[in-house]
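Reading through the structure tokens given below for one structure.
Residue numbers (full-length UniProt numbering): 1 to 395.
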């Protein structure tokens with residue numbers, strides 16, 4: 001300062017009250033490495049970072065900027081320093097298999113469901129995830145998969161587990177007293193539950209959701225080696241099945257379900273082995289169902305998607321439908337017309353038409369083929385990539 005004043009030597013920021021220091025910290029970053037580095041600012045700041053309410057641990061981000069010698073050890077240290085203090089959000093990204101051991105992952109999971117109040121997201125997904133839809137799932141070496149176990153009790157409102165890089169075997173809590181009272185959102189991706197094996201005392205996904213998660217509103221699931229997906233959920237409002245590999249039957253009873261989505265139904269990951277046909281039966285009892293979305297343009301003609309959905313009178317929106325088309329490159333998409341015919345009160349429709357699904361000289365004219373009458377439809381969106389020259393006014 002002018003005049004040689006020594007006022008610049010005064011550590012004014014350390015004299016601020018704790019609440020204001022915590023507010024300043026909230027603007028720094030959610031990167032755990034950045035947050036913990038604030039401890040070097042002054043003696044007063046050594047323990048301020050433990051009050052941060054959002055922490056993101058990302059081994060890929062840290063390897064680019066300042067490679068940590070031991071990512072797993074850093075996460076362990078950070079959780080140990082925080083102790084029993086609650087936190088709003090914890091996100092852990094593992095892009096390399098050697099970043100942590102399964103034992104460390106289980107410790108993080110135990111810590112998170114006890115201390116994280118709002119959101120816990122664990123993503124173990126490297127550059128070529130085994131559980132990706134384009135890669136074959138491990139069918140012959142399931143006994144070698146590391147196990148991740150959900151603790152018997154949790155306080156977290158939202159849990160997202162993406163286990164595709166190992167993949168992990170996910171063990172659900174077997175205790176009859178297990179409870180996740182606050183859980184409203186649950187996402188499980190590329191998790192193998194081992195329900196295809198006969199093991200005494202194992203808790204199934206259906207039992208966990210119906211018995212332990214009374215407030216569950218949204219479920220996203222991308223299961224592996226789960227022949228039957230059975231759900232009984234009173235509070236469930238949104239169900240998204242992100243993949244149906246290995247699944248032969250879906251049986252859902254949810255009196256408050258409003259949204260059902262089925263994504264990436266791909267013949268490359270069929271029930272038994274590649275190249276074989278798929279038979280999937282979907283049974284849904286949901287009297288308040290309002291929206292159905294089936295994102296699928298890859299069903300072969302020999303595949304069968306059998307929809308048995310009760311309560312279609314309440315459906316108001318159909319999304320990502322691929323109506324049946326005929327020709328030497330056609331796909332089996334009869335479910336699209338079935339939904340249009342059986343949802344009498346539908347108001348909004350999204351259709352997907354693809355050029356590879358029909359020969360250029362063959363277009364299906366539905367005007368003389370018992371086309372559904374959409375008396376209450378108010379809007380229709382048609383995604384017709386490559387078919388512009390074939391669309392006619394009768395559509």
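Where is the CB? At the ideal position from N, CA and C, for every residue including glycine.
- In this structure, the beta-carbon distance from residue 378 to residue 348 falls below 8 Å.
- Boundaries of the beta strand (DSSP E) around residue 261: 259-263.
- Runs of the beta strand (DSSP E) lying entirely within the stretch 186-225, each at least 3 residues long, are 218-224 in chain order.
- In summary, residue 173 is buried, with 16 or more beta-carbon neighbours lying within 10 Å of its beta-carbon over all protein chains present.
- Inter-residue distance for residue 31 and residue 22 is about 15 Å (C-alpha atoms, whole angstroms).
- Excluding sequence positions up to five before and after residue 88, its CB lies within less than 7 Å of the CB of 53, 54, 117, 118, all in the same chain and listed in chain order.
- Residues of the same chain with a CB within less than 6 Å of the CB of residue 254, apart from the 5 flanking positions on each side, are 233, 236, 286 in chain order.
- Taking 8 Å as the upper bound for CB-CB distance, residue 242 and residue 189 are in contact here, some 7 Å apart.
- Residue 240 is bridged by DSSP to 220, 261.
- The criterion of a C-beta distance shorter than 8 Å is not satisfied by residue 145 and residue 122.
- In the DSSP assignment, residue 352 is bridged to 383.
- Secondary-structure assignment with DSSP links residue 93 through a beta bridge to 58, 123.
- By the neighbour-count criterion, in which a residue is buried when 16 or more other Cβ atoms sit within 10 angstroms of its Cβ, residue 108 is buried.
- Here residue 234 carries a coil assignment [DSSP, helix/strand/coil].
- In this structure, the beta-carbon distance from residue 343 to residue 381 does not fall below 8 Å.
- In this structure, the beta-carbon distance from residue 219 to residue 249 does not fall below 8 Å.
- Linking residue 295 to residue 376 through their CA atoms gives a straight-line distance of about 23 Å.
- Counting along the chain, the unbroken beta strand (DSSP E) around residue 293 starts and ends at 291-295.
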